[in-house]
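Q: Residue numbers (UniProt numbering): 1 to 184.
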């Protein structure tokens with residue numbers, strides 16, 4: 001499973017969309033308590049649920065990982081983990097899957113604050129929300145907080161189709177190497 005991690009508006013959601021539509025990966029749909037944005041669809045972009053329902057699922061150990069970000073709960077349910085899948089997680093979630101020794105390939109999408117701010121403004125996020133996210137992301141999404149990264153992508157005005165192609169090619173090559181090592 002590919003795990004994309006990066007700060008708000010780093011391009012990870014769009015990259016995941018390209019990987020699913022062009023290269024046949026399946027999106028592992030994350031569950032969240034945050035408000036649905038314009039153009040987002042329940043069950044496709046996220047499973048949108050109430051905080052109460054989220055906490056019930058957590059109590060029932062239904063999540064492989066979960067975290068709180070910007071006062072909202074996020075989690076990847078065990079039922080949503082897919083072999084040829086792509087998940088978008090934050091560093092604590094990535095570290096939890098690594099701790100569980102899950103078979104994941106971690107890709108960190110690094111993008112400047114200026115470009116991220118530009119993207120958030122373009123999608124009409126509220127100014128206060130933008131400021132808070134930029135500020136919080138400085139700490140939360142520092143590379144040093146992630147136990148292991150397989151591929152770091154510098155995403156500065158690159159064509160996201162090219163970024164997705166690179167990710168696909170590098171990931172497929174890593175799978176070949178794992179197969180070769182198993183056969184040796």
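Where a beta carbon is used, it is the ideal one built from N, C-alpha and C, also for glycine.
Source: prediction; values computed, not measured.
When DSSP labels each residue in this structure, what does residue 72 get in the three-state scheme?
A: Position 72 of the chain shown, counted from the start, is the residue given in the question as residue 72. Strand at residue 72.
Q: Check the DSSP bridge columns for residue 47 and list the partner residues they point to.
A: Walking along the chain shown from the start, residue 47 turns up at place 47. Answer is 31.
Q: From which residue to which residue does the alpha helix (DSSP H) around residue 25 run?
A: The residue labelled residue 25 in the question sits at position 25 within the chain shown. Unbroken run through residue 25: none, as it is neither H nor E.
Q: Please state the DSSP three-state secondary structure of residue 65.
A: What you label residue 65 is simply residue 65 of the chain shown in a count that begins at 1. The answer is strand: DSSP assigns residue 65 an E or B state.
Q: For the ligand FAD, any of its heavy atoms closer than 8 angstroms to the Cβ of residue 40?
A: As presented, the structure is devoid of all ligands, the ligand FAD included, so that no description of it is given.
Q: Per the contact definition of three or more C-beta pairs closer than 8 angstroms, is the region 45-56 in contact with the region 17-32?
A: With a cut-off of 8 angstroms, the region 45-56 and the region 17-32 count as touching, because enough Cβ pairs lie within range.
Q: What did DSSP end up calling residue 41 once you bin it into helix, strand or coil?
A: Your numbering for residue 41 matches position 41 in the chain shown. Three-state result, residue 41: coil.
Q: Quick check on DSSP: helix, strand or coil for residue 60?
A: Taking the first residue of the chain shown as position 1, residue 60 is located at position 60. Residue 60: coil per DSSP, three-state reduction.
Q: Mind checking which residues open and close the beta strand (DSSP E) that includes residue 85?
A: Numbered from its first residue, the chain shown carries residue 85 at position 85. It spans 85-88 - the beta strand (DSSP E) in which residue 85 sits, taken as one unbroken run.
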